[in-house]
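Number of protein chains: 4
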Amino acid sequence: MPEPLTSSAPETGQSLAQEYRRTRDLTESLVEPLSDADATIQSMEDASPAKWHLAHTTWFWETFLLRDFARDYTLFDDDWPFLFNSYYEAEGERIARFSRGLLSRPTLDEIREWRAHVDDAMEPILDDPAHAELVTLGIAHEQQHIELLLTDIKHALFQNPLGPAMWSGAPARAESRELGWHEHPGGVALIGHDGEGFAFDNEGPRHRVLLEPFALADRLVTNAEWQEFIDDGGYRNARLWLSDGWAWVKEQGAEAPLYWRSAESGADHFTHQGWQTRDPNAPVTHISYFEADAYASWAGKRLPTEFEWEAIARGQHGEGNAPAHDPAGGNQLDGAEPPQPAGSDGLFGDCWQFTRSGYLPYPRFQPAAGAVGEYNGKFMSGQFVLKGASCATVRGHSRASYRNFFYPHQQWQFTGLRLAKDL
Amino acid sequence: MPEPLTSSAPETGQSLAQEYRRTRDLTESLVEPLSDADATIQSMEDASPAKWHLAHTTWFWETFLLRDFARDYTLFDDDWPFLFNSYYEAEGERIARFSRGLLSRPTLDEIREWRAHVDDAMEPILDDPAHAELVTLGIAHEQQHIELLLTDIKHALFQNPLGPAMWSGAPARAESRELGWHEHPGGVALIGHDGEGFAFDNEGPRHRVLLEPFALADRLVTNAEWQEFIDDGGYRNARLWLSDGWAWVKEQGAEAPLYWRSAESGADHFTHQGWQTRDPNAPVTHISYFEADAYASWAGKRLPTEFEWEAIARGQHGEGNAPAHDPAGGNQLDGAEPPQPAGSDGLFGDCWQFTRSGYLPYPRFQPAAGAVGEYNGKFMSGQFVLKGASCATVRGHSRASYRNFFYPHQQWQFTGLRLAKDL
Amino acid sequence: MPEPLTSSAPETGQSLAQEYRRTRDLTESLVEPLSDADATIQSMEDASPAKWHLAHTTWFWETFLLRDFARDYTLFDDDWPFLFNSYYEAEGERIARFSRGLLSRPTLDEIREWRAHVDDAMEPILDDPAHAELVTLGIAHEQQHIELLLTDIKHALFQNPLGPAMWSGAPARAESRELGWHEHPGGVALIGHDGEGFAFDNEGPRHRVLLEPFALADRLVTNAEWQEFIDDGGYRNARLWLSDGWAWVKEQGAEAPLYWRSAESGADHFTHQGWQTRDPNAPVTHISYFEADAYASWAGKRLPTEFEWEAIARGQHGEGNAPAHDPAGGNQLDGAEPPQPAGSDGLFGDCWQFTRSGYLPYPRFQPAAGAVGEYNGKFMSGQFVLKGASCATVRGHSRASYRNFFYPHQQWQFTGLRLAKDL
Amino acid sequence: MPEPLTSSAPETGQSLAQEYRRTRDLTESLVEPLSDADATIQSMEDASPAKWHLAHTTWFWETFLLRDFARDYTLFDDDWPFLFNSYYEAEGERIARFSRGLLSRPTLDEIREWRAHVDDAMEPILDDPAHAELVTLGIAHEQQHIELLLTDIKHALFQNPLGPAMWSGAPARAESRELGWHEHPGGVALIGHDGEGFAFDNEGPRHRVLLEPFALADRLVTNAEWQEFIDDGGYRNARLWLSDGWAWVKEQGAEAPLYWRSAESGADHFTHQGWQTRDPNAPVTHISYFEADAYASWAGKRLPTEFEWEAIARGQHGEGNAPAHDPAGGNQLDGAEPPQPAGSDGLFGDCWQFTRSGYLPYPRFQPAAGAVGEYNGKFMSGQFVLKGASCATVRGHSRASYRNFFYPHQQWQFTGLRLAKDL
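Here it is, written out as structure tokens:
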């Protein structure tokens with residue numbers, strides 16, 4: 001999901017001002033372990049420097065709120081909006097995406113000063129109902145960038161042969177658990193956001209979809225199961241793969257999920273805590289759509305559609321937009337801690353779950369007007385929908401109607417796999 | 001649609017043997033105007049040499065029928081199967097796709113001899129009911145390659161600054177016609193092939209889809225209308241484009257459909273009859289999905305879904321799989337003639353019509369077993385569905401459930417645009 | 001040597017008119033075995049289609065002689081000069097080099113008609129002394145393209161898995177021969193053309209060069225010797241290679257000369273006569289400068305400079321510009337026959353010989369004026385000088401002062417290696 | 001000059017230990033203005049991060065001296081040698097060159113600690129005559145990296161739209177000065193290092209070269225003169241350019257030296273002091289060989305050979321290897337100051353001067369043995385020799401026999417142009 005712009009409904013019972021502060025503080029606390037240099041580097045075009053995320057989210061507040069609505073607001077720096085706009089064509093030129101990693105200036109500390117400057121200016125208008133919609137959107141936008149910041153810096157640190165850890169310690173281990181199935185009889189399901197509370201424009205309008213009887217797995221595929229797939233020649237059998245997927249395998253020389261390494265001293269993988277032994281019972285993560293689809297073929301199952309997934313989520317959790325929508329407790333981000341999928345019970349957490357649904361407009365979908373509308377609709381080609389949430393998603397950010405989306409070759413998000421089958 | 005393998009129901013009232021001969025003869029008559037060199041060149045990776053199409057369709061009969069079922073059949077040449085396999089991983093190694101244009105040997109005449117050899121060997125088994133299914137598939141497969149042959153050679157000749165014509169003469173002119181709308185009240189529609197007669201595996205299973213009320217244009221967008229889009233800055237306004245589409249525009253320097261040229265002496269475009277003046281009333285063609293989507297945005301309309309299109313087609317023509325399914329008469333291929341969109345009335349003809357539906361599996365879809373099953377399912381990522389037929393589609397080849405598919409940047413097929421809107 | 005333009009001194013005792021006809025006939029007789037399609041394909045950017053060579057050499061006569069000097073001459077076709085100009089910026093736009101292989105029209109027969117048309121028009125002016133200089137240049141130019149035609153078509157046919165042969169039969173075998181040395185005491189040598197007879201501008205002016213004592217091998221390195229280099233890990237030992245050469249080895253996966261194959265039934269290589277067993281006593285050929293340099297390092301020797309080579313050649317053959325300059329008889333092209341290095345005795349023949357001299361201007365060098373001057377001087381960066389002649393060089397075309405030049409990675413010419421050492 | 005390894009003769013009258021300390025201190029003082037992030041980024045494959053230069057020069061001392069000769073020396077960090085080796089294949093694997101800019105760890109401060117650790121360990125052996133040769137080489141090596149550090153960081157800061165300055169202030173202005181000529185009568189010149197004092201292996205052996213009469217300009221081409229070349233269409237006239245140069249112009253869209261900008265408020269260019277107005281009388285710099293050669297063609301002059309340049313230098317300054325070899329005072333690096341070409345009098349200073357000599361081995365050249373020998377000889381293909389020194393060359397580092405070398409397209413060094421002509 002390339003930097004979508006949005007507004008998470010703060011389903012936390014807090015005031016908007018509280019939610020603003022919680023989110024802004026979380027962003028900053030997550031970069032505490034990073035040096036100026038760590039926050040500057042960019043490992044690939046899909047990723048952005050941590051510093052850039054800090055600045056871009058700040059640019060959002062300045063551009064869409066302060067510049068228009070804060071009395072006598074002065075830009076912190078006249079040149080920075082150009083540097084930290086992302087893809088809003090309406091808001092002027094941007095620098096080439098892959099040059100972001102060359103911006104050693106402004107420094108991390110200067111960006112922090114900018115953040116403080118903007119936070120101060122935001123205070124008077126945070127509780128003004130006239131701006132509630134934009135503030136909500138800005139919070140959701142910043143929460144999305146929190147997840148990207150975490151996955152981007154992981155990818156950047158991974159490039160370093162020293163394997164630097166962003167946090168110390170080691171992840172907790174998961175329990176082994178039998179796979180069960182959530183069954184669904186089919187019929188007409190209501191899909192999409194109902195208009196209550198915040199949602200992105202791409203989650204609506206709510207509409208009816210006809211489903212055939214199906215079942216959805218009650219947990220994610222694990223590292224141990226993925227190892228069986230590898231051991232059975234999964235990455236060498238063209239028959240299991242989509243045509244584009246097989247081309248990708250050959251071009252990449254892919255033979256395991258991103259971040260896996262067959263160390264001499266046991267299987268390990270790269271995490272925010274450096275190189276760690278893989279937990280066989282933890283959900284497999286950092287897989288592409290191509291890999292997820294090939295695994296499902298190998299397992300004699302398939303990926304769910306986004307509608308099937310949402311129907312189960314609503315069955316389990318009602319409307320699914322309530323704060324406590326996943327009491328079973330998937331791993332989500334609660335603070336400045338290393339994100340790592342650990343259990344695999346909850347629908348909302350641990351890993352984003354691939355669906356076989358293309359990321360396309362719902363019936364009667366209309367993009368929002370103005371510059372803030374330039375973010376979801378225009379990505380509707382070539383990508384797939386993912387549902388749920390991951391261990392790097394700020395708790396409270398997701399809901400049953402949430403539609404995340406990525407290209408089928410991308411692996412650097414906390415993506416995972418929940419199987420489905422026909423009944 | 002990269003060389004899909006299929007079997008068109010011969011909806012022509014002819015026996016399978018007659019249909020076999022009609023199709024094989026058509027292939028050969030289409031290359032009559034070509035020299036050995038014309039038939040050898042390859043202009044891009046998406047296209048294949050004409051000679052290759054002649055050979056590959058022949059390889060199909062030899063590999064899937066003669067080798068297995070013809071008593072004492074001898075391969076015409078032991079090395080050629082390797083050269084003319086396309087993408088059936090199960091059938092052995094292939095040469096790199098873009099090296100096809102370097103095969104000056106075997107010659108066009110040698111390929112013709114191979115065709116005659118195979119046709120002779122096919123005669124005794126053409127009417128054997130035991131092979132009817134494979135023969136039907138082989139005919140459909142060859143008909144698909146006829147369309148590709150025509151679009152590929154057009155692209156190859158276009159590269160030549162001399163602008164060589166494959167046929168002489170000039171296309172007929174179309175009448176101007178007001179745009180009207182086919183309205184649909186919404187509700188449950190039956191989608192997909194019903195199992196009667198031939199269809200590709202990707203057209204089924206038949207299933208129910210819920211539609212919202214909508215309307216589908218009763219003709220295609222014309223060259224004159226497209227010129228208005230250009231004149232209004234359509235190719236320079238990022239807001240109209242999908243994000244990937246805008247990147248494509250900038251990378252390609254796109255400012256008009258493929259084959260358009262602003263000649264000093266009037267607007268013209270490249271055709272199988274060389275450079276010709278564009279007919280303002282003829283449907284615009286050779287546009288990408290990106291262009292179609294941008295135009296629809298500019299026009300305040302949208303693309304239809306594949307389900308909407310099919311529902312209208314069935315409403316107009318009943319099941320739509322009957323031979324006379326489009327009495328209004330869209331332009332299709334009836335013989336060795338230059339294909340050119342001329343009118344724009346029929347749903348089935350002139351141009352393939354983009355839908356906003358991703359090319360994805362229908363509920364309970366299963367690929368066919370064996371090597372012949374390696375063709376439709378494995379392309380289900382990143383592409384869009386097109387409906388109808390084009391002026392280069394062999395008449396009788398298409399039907400309401402037919403799903404053609406291409407990547408959103410591809411332009412070299414006879415692709416066009418039929419608008420839709422919500423009601 | 002990318003299509004240099006020049007004029008070989010016809011050292012054959014023939015009149016210019018006779019030499020013109022001999023050369024033109026030779027060009028045409030060499031393409032006798034080729035079909036229109038063979039003559040159309042282009043295997044890489046460095047190579048051109050055979051048809052293109054036939055046309056380009058004809059364009060030369062039309063552009064530089066007939067258009068200016070033939071009374072009432074009419075262009076054979078107005079569009080063809082654009083198609084068949086090569087790199088003379090002064091003579092107008094050209095099509096992109098790698099699109100040459102898409103020109104199925106004009107046909108091979110049409111090009112032959114053009115050649116006849118031009119030959120007829122040339123007859124009256126062939127013996128006119130006023131044009132002798134340009135005619136001589138045109139003959140040399142066409143002789144250079146004969147060599148390129150032969151090496152380009154070899155590369156094109158090599159791409160075909162069928163391994164088509166252009167001529168039948170098999171090459172003669174060479175005798176094994178001990179390596180001896182031509183010694184030279186050093187001192188001042190006269191280098192470059194003396195102004196008698198034809199030479200390219202880059203061969204002069206004649207000037208003095210100081211040499212240190214050295215020796216030049218009296219034969220070329222053989223296939224058997226190269227095999228030892230391979231067996232000793234030559235392609236896997238970075239220490240033997242230039243830095244750019246080692247990068248080239250890794251990028252190409254190079255492990256043998258171009259055209260070598262380790263067939264199960266014995267070592268073979270691709271030739272104009274198809275796949276043939278390699279002759280261990282024949283000179284190794286189709287090696288890059290990088291390979292030649294690495295071999296010399298491995299052998300504890302070095303490449304000669306162009307000055308050393310020329311000094312030996314003059315010592316052996318006097319001025320070396322006489323027709324019989326190499327009585328020992330290196331293999332050169334005498335007619336429409338398969339070129340293949342066989343012996344290795346003569347300095348002038350079998351393979352072009354790499355020198356360690358960069359292709360740079362001699363003191364007081366000035367490019368010729370006008371469009372015909374746009375060919376040698378402008379290539380003076382990044383290339384190395386080769387001396388002698390190859391089995392594909394028209395006999396009479398070379399001389400001691402001749403400077404051939406290629407980039408250090410190129411392999412598709414008949415390049416070989418003659419070692420040198422310090423004394 | 002891709003990170004050549006060498007040893008500058010400390011022509012400063014200082015002891016080796018003093019010269020070691022002066023050089024090490026200079027390196028560190030030059031990065032004083034840089035943040036950790038500034039020192040981490042890498043703008044292109046040809047450049048390295050400042051931090052990398054600090055580390056790599058330290059790796060040199062550790063690898064070639066301390067590890068072998070310092071009693072009980074302990075590596076500062078076991079993993080760092082892998083990170084900071086450059087291209088010594090013999091010393092083990094290296095990380096891909098363009099990944100250097102992703103090494104946010106170790107930090108700049110950690111590298112400084114490493115430097116201090118190594119400097120402490122070096123102290124006892126600095127004055128040991130047994131190591132004098134390697135210490136001299138290490139000093140020269142570090143001085144070369146000082147120049148690269150300065151040119152690499154300039155290129156990196158240039159990528160930033162903010163145009164950050166590394167130093168404040170503005171450069172001094174130069175005087176306008178008529179062009180004069182150093183004439184030379186030709187004859188035998190002694191070229192190459194005489195063996196007294198330190199020199200790189202590629203500077204020898206000394207040998208005789210025959211020169212024709214020529215003249216060398218007594219100053220460099222200026223910005224004002226270069227502007228005339230531009231105004232006269234120099235970048236749009238193919239006839240002035242080498243073939244590879246013209247391809248480079250078109251591919252790059254080149255229309256001025258690197259770092260030039262046509263600001264609305266007057267011509268300016270990027271410097272270590274940020275964007276500054278160009279001084280018309282200062283030497284033009286940051287030009288490629290292609291540009292230098294095209295300018296010389298336009299001016300009706302030519303580039304000198306390396307031998308001509310050296311002959312003049314020896315005529316002006318005797319052996320030219322004495323400390324005061326250029327009393328006229330070209331701009332060289334004397335401390336932690338912004339390098340900027342200002343005057344244009346001295347042969348040794350302001351800008352490296354292109355010669356038309358390929359970077360090739362001198363007669364009887366032999367690379368040094370062992371890993372330290374892997375640096376000069378292996379670059380001898382495709383590059384050109386530059387003579388003199390630049391404003392970023394540590395004073396005392398250069399000499400008349402010094403051979404710098406770059407590829408003809410490279411611009412990011414302080415390269416300039418001194419014309420020559422025949423007499």
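Chains as they are written, first to last, in the UniProt record's numbering: chain F, 1 to 423; chain L, 1 to 423; chain W, 1 to 423; chain B, 1 to 423. Cβ atoms here follow ideal geometry from the backbone N, Cα and C, with glycine treated the same way. For clarity, every value in this text was computed on a predicted model and none was experimentally measured.
Would F:F229 and F:W298 qualify as a contact pair, given that the criterion is a beta-carbon distance under 8 Å?
Yes, they are a contact pair.
Where B:D244 meets chain W, residues with beta-carbon distance less than 7 Å:
At a beta-carbon threshold of 7 Å, the residues of chain W lying near B:D244 are S381, G382, ordered along the chain.
Cβ contact check for the segment 201-215 of chain L and the segment 265-281 of chain L: 3 or more pairs under 8 Å:
They do not touch, by the three-pair rule.
Just the chain L side, please: which residues come within less than 7 Å of W:P361 by C-beta, in chain order?
Residues of chain L passing the Cβ test: none, with the nearest at roughly 36 Å.
Are the CB atoms of F:E291 and F:T355 nearer to each other than 8 Å?
Inclusion of F:E291 and F:T355 in the CB contact set at 8 Å is not warranted, their separation being larger than that value.
Where does the unbroken alpha helix (DSSP H) through F:G315 begin, and where does it stop?
Taken as a continuous stretch (DSSP letters only), the alpha helix (DSSP H) holding F:G315 covers 306-317.
Give the residues from the segment 168-189 of chain W that approach chain B closer than 8 Å (Cβ to any Cβ), ordered along the chain.
Only those residues of the segment 168-189 of chain W whose C-beta falls short of 8 Å from the nearest C-beta of chain B are listed: V188.
Whose C-alpha, out of W:T393, W:W412, W:P408, is nearest the C-alpha of W:N331?
Measuring from the Cα of W:N331, the nearest candidate turns out to be W:T393.
If residue 425 of chain F and L:L419 are in contact, beta carbons under 8 Å, what's the gap, nearest whole angstrom?
The structure shown does not extend to residue 425 of chain F, since chain F spans only 1 to 423, so no value can be given for it.
Can a CB atom of chain F be found closer than 8 Å to the CB of L:V385?
L:V385 does not count as touching chain F.
Going straight from the alpha carbon of L:N281 to that of W:A37, what length do you get?
C-alpha of L:N281 to C-alpha of W:A37: approximately 39 Å in a straight line.
With three or more beta-carbon pairs closer than 8 Å as the criterion, would you say the segment 380-389 of chain L touches the segment 15-25 of chain W?
Under the Cβ criterion (8 Å, minimum of three pairs), the segment 380-389 of chain L does not count as touching the segment 15-25 of chain W.
Cβ of W:R395 within 7 Å of any heavy atom in the ligand FAD?
For the ligand FAD, the structure offers nothing, since it holds no ligand at all.
Residues in the same chain with beta-carbon distance under 8 Å from W:S29, minus the five sequence neighbours each way, listed in chain order, please.
Counting only Cβ-Cβ distances below 8 Å, and skipping sequence neighbours, we find G335, A336.
Rank F:K301, F:W309, F:Y235, F:Q252 by C-alpha distance to the C-alpha of F:L190 and give the top, closest one.
When the alpha-carbon of F:L190 is set against those of F:K301, F:W309, F:Y235, F:Q252, the nearest one is in F:W309.
Hey, out of F:F414, F:P49, F:R278, F:E45, whose CA is closest to F:A172's CA?
Check the Cα spacing between F:A172 and each of F:F414, F:P49, F:R278, F:E45: the tightest is with F:R278.
Could you round the C-beta distance between W:L417 and W:Y295 to whole angstroms and report it? I think they count as a contact, below 8 Å.
About 6 Å separates the beta carbons of W:L417 and W:Y295, which is inside the 8 Å limit, making them a contact pair.
Okay, do the segment 140-152 of chain W and the segment 246-263 of chain W touch, 3+ Cβ pairs below 8 Å being the bar?
Between the segment 140-152 of chain W and the segment 246-263 of chain W there are fewer than three C-beta pairs closer than 8 Å, too few to call the two in contact.
State the start and end residues of the unbroken beta strand (DSSP E) segment that holds B:Q276.
Counting along the chain, the beta strand (DSSP E) containing B:Q276 begins and ends at 274-277.
Could you tell me whether the Cβ of F:Q159 comes closer than 8 Å to any Cβ of chain B?
True, the Cβ-Cβ gap to chain B drops below 8 Å.
Which residues in chain F sit within 7 Å of L:R208, going by Cβ to Cβ distance?
Result: L210.
Applying a beta-carbon distance threshold of less than 7 Å, which residues of chain L neighbour F:P280?
Ordered by position in chain L, no residue passes the 7 Å Cβ test against F:P280, which lies about 29 Å from the chain.
Looking only at its own chain, which residues have a Cβ that is under 6 Å from the Cβ of F:S43, when we skip the five neighbours before and after it?
Around F:S43, the same chain offers H155, A156, Q159 as residues with beta carbons nearer than 6 Å, after the five sequence neighbours per side are excluded.
Grouping DSSP H, G and I as helix and E and B as strand, with all else coil, what is L:L284?
Note on residue identity: the sequence assigns Val, not Leu, to residue 284 of chain L. In the structure shown, L:V284 sits in coil (DSSP, three-state: anything other than H, G, I, E or B).
Which chain W residues sit within Cβ distance under 7 Å of B:D422?
Chain-ordered, the chain W residues with CB closer than 7 Å to the CB of B:D422 read R364.
Should F:V188 go down as buried or exposed, given a rule of 16 or more other Cβ atoms within 10 Å for buried?
Exposed, because fewer than 16 other Cβ atoms sit within 10 Å of the Cβ of F:V188.
Burial state of B:S7, where buried means 16 or more other Cβ atoms lie within 10 Å:
Only weak support is given to the placement of B:S7: the predicted model assigns it a pLDDT of 39, under 50, and the question is left unresolved by the model.
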